[in-house]
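To start, the structure itself, in structure tokens.
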Amino acid sequence: MKRRLGKDPLIVGCVASEALLRRCARRAPADCDWIEVRLDLAGLCGGAWPELCAAAARRGRPVLLTVRSAREGGRWRGREAERTALLLRGLDAAAAVDVEIAAPAFGLVAEAARRRGVAVVGSFHDFRATPDAARLAAIEIRGRALGADVVKIAARVRTAADLARLFALPAQATGPICVLGMGPKGALARVALPAAGSCLAYGALETATAPGQLRCRDLAKELARWGVRRR
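3 is the number of the first residue of the sequence shown in our numbering; add one for each residue after it.
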């Protein structure tokens, strides 16, 4: 049975290389529910990634497709039109697509995704700080207005007050939300936030793709220790 976004917390294993994606296509990784294929990291843009994503999905690991822009911590520095074309091309092989809320083509990608029954994760990343409460609320409202099925907010944690603002988000959200703390002080939040209502927990299958990211195996153990139920 497909594990749906927005219900019980899911562990998303980050795929950052072609070799790892090929392994996922042959055998489902045991410590995650979904995989996130980061085309901006994996160097797969000219390869057989759609077929590999489809094969991974057949193994029971639905694909969340991401081409993260350099503006929000990724490595995509090409033209925006080319990035949009990659996302649109991947919709037939993906169960969900991640698009930055600030992306000019968000509406175009979201509408195409809806026509194919693909979930849309509208994301926001701040690698320097955690925005104030009003700004966080505005980001969520904007994402919903644009058509995001899940709003994802990832922010750098520096103080206890930062953590408190992030922990308040799931209870205040008007729909499914993923909240992530980044940096050394955000590691605890990556485990505890799913217990507070965050619907996605990102972990590394090999190389971490964000500051403070845990390995999927360790993340699964910690979530179980916190009593977080996974399907």
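The beta carbon of each residue, even a glycine, is placed where N, CA and C say it ideally should be. This one's a predicted model, so the numbers in the text were calculated from it and none came from an experiment.
Own chain, CB closer than 8 Å to residue 172, minus 5 neighbours either side, in chain order: By 1-based counting over the sequence shown, the position of residue 172 is 170. The beta carbon of residue 172 sits closer than 8 Å to the beta carbons of 179, 181, 195, 198, 199 and 200 from its chain, once the five residues preceding and following it are set aside; these are given in chain order.
Helix, strand or coil at residue 121 according to DSSP, with G and I counted as helix: As a working mapping, residue 121 is identified with position 119 in the sequence shown. DSSP places residue 121 in strand when its eight states are reduced to three.
Same chain, Cβ closer than 7 Å to residue 78, five either side skipped, listed in chain order: The residue you call residue 78 lines up with position 76 of the sequence shown. So the qualifying residues of the chain are 42, 69, 70, 71, 72 and 85.
Proximity below 9 Å, CB of residue 99 to CB of residue 92: As a working note, residue 99 is residue 97 in the sequence shown. As a working note, residue 92 is residue 90 in the sequence shown. A contact, by the Cβ cut-off of 9 Å.
Residue 211 burial status per 10 Å Cβ neighbour count (16 or more: buried): Stepping through the sequence shown from its first residue, residue 211 is reached at position 209. It is buried - the Cβ of residue 211 has at least 16 other Cβ atoms within 10 Å.
Contained beta strand (DSSP E) runs [length at least 3] in the region 81 to 113, N- to C-terminal order: Complete beta strand (DSSP E) runs here, min 3: 98 to 102.
Cα-Cα separation, residue 3 to residue 230: Your numbering for residue 3 matches position 1 in the sequence shown. Your numbering for residue 230 matches position 228 in the sequence shown. Low per-residue confidence applies at residue 3: pLDDT is 29, beneath 50, and the placement is therefore not dependable enough to give any value.
Unbroken stretches of the beta strand (DSSP E), 3 residues or longer, contained in the region 19 to 65: For the region 19 to 65, whole beta strand (DSSP E) runs of length 3 or above, ordered along the chain, are 36 to 40.
Contacting residues, own chain, Cβ-Cβ under 8 Å from residue 128 (five flanking each side not counted): As a working note, residue 128 is residue 126 in the sequence shown. These residues qualify, in order along the chain: 156, 157 and 158.
Member of 177, 34, 76 and 40 whose CA lies at the smallest distance from the CA of residue 221: Residue numbering aside, residue 221 sits at position 219 when the sequence shown is read from its first letter. When only C-alpha atoms are compared, the closest one is 34.
Secondary structure of residue 220, DSSP reduced to three states: If you number the sequence shown from 1, residue 220 lands on position 218. DSSP places residue 220 in helix when its eight states are reduced to three.
Simplified DSSP state of residue 10, which is helix, strand or coil: Reading the sequence shown from its first residue, position 8 is the one you call residue 10. Residue state, collapsed to three classes: coil.
Short Cβ contact (9 Å threshold) for residue 96 with residue 133: Position 94 of the sequence shown, counted from the first residue, corresponds to residue 96. Position 131 of the sequence shown, counted from the first residue, corresponds to residue 133. Taking 9 Å as the cut-off, the Cβ atoms of residue 96 and residue 133 do not count as close.
Environment of residue 141 [buried if 16+ CB atoms lie within 10 Å]: Against the sequence shown, residue 141 aligns to sequence position 139. Classification of residue 141: buried, given that the 10 Å Cβ count is 16 or more.
First through last residue of the alpha helix (DSSP H) which encompasses residue 193: Position 191 of the sequence shown holds residue 193. Where residue 193 is concerned, the enclosing alpha helix (DSSP H) stretches over 189 to 197.
Between the CA atoms of residue 226 and residue 76 - distance to the nearest angstrom: Mapped onto the sequence shown, residue 76 falls at position 74. Mapped onto the sequence shown, residue 226 falls at position 224. Rounded to whole angstroms, residue 76 to residue 226 spans 30 Å at the Cα level.
Rounded C-alpha distance that separates residue 202 from residue 152: As a working note, residue 202 is residue 200 in the sequence shown. As a working note, residue 152 is residue 150 in the sequence shown. In a straight line, the C-alpha of residue 202 is about 9 Å away from that of residue 152.
Same chain, Cβ closer than 8 Å to residue 29, neighbours up to 5 away in sequence not counted: On the sequence shown, position 27 is the one that residue 29 refers to. Within the same chain, residue 29 has close Cβ partners 61.
In DSSP terms, what residue 67 is bridged to: As a working mapping, residue 67 is identified with position 65 in the sequence shown. Its beta-bridge partners are 39 and 99.
Within 9 Å, strictly: CB atoms of residue 74 and residue 19: One-based indexing of the sequence shown puts residue 74 at position 72. One-based indexing of the sequence shown puts residue 19 at position 17. In this structure, residue 74 sits away from residue 19, with a CB-CB distance that is not shorter than 9 Å.
Range of the contiguous beta strand (DSSP E) that encloses residue 77: Translated into the one-based positions of the sequence shown, residue 77 becomes position 75. Neither: residue 77 is in no beta strand (DSSP E) and is coded neither H nor E.
C-alpha gap between residue 118 and residue 137, whole angstroms: Here residue 118 refers to the residue found at position 116 when the sequence shown is read from its first residue. Here residue 137 refers to the residue found at position 135 when the sequence shown is read from its first residue. Their backbone Cα atoms lie some 32 Å apart in a straight line.
Separation of residue 15 from residue 38, as counted between CA atoms: In the sequence shown, residue 38 corresponds to position 36, counting from 1. In the sequence shown, residue 15 corresponds to position 13, counting from 1. Taking the straight line joining both Cα atoms gives about 6 Å.
Buried versus exposed, by CB contacts within 10 Å (16 or more), residue 52: Working through the sequence shown from its first residue, we reach residue 52 at position 50. It is buried - the Cβ of residue 52 has at least 16 other Cβ atoms within 10 Å.
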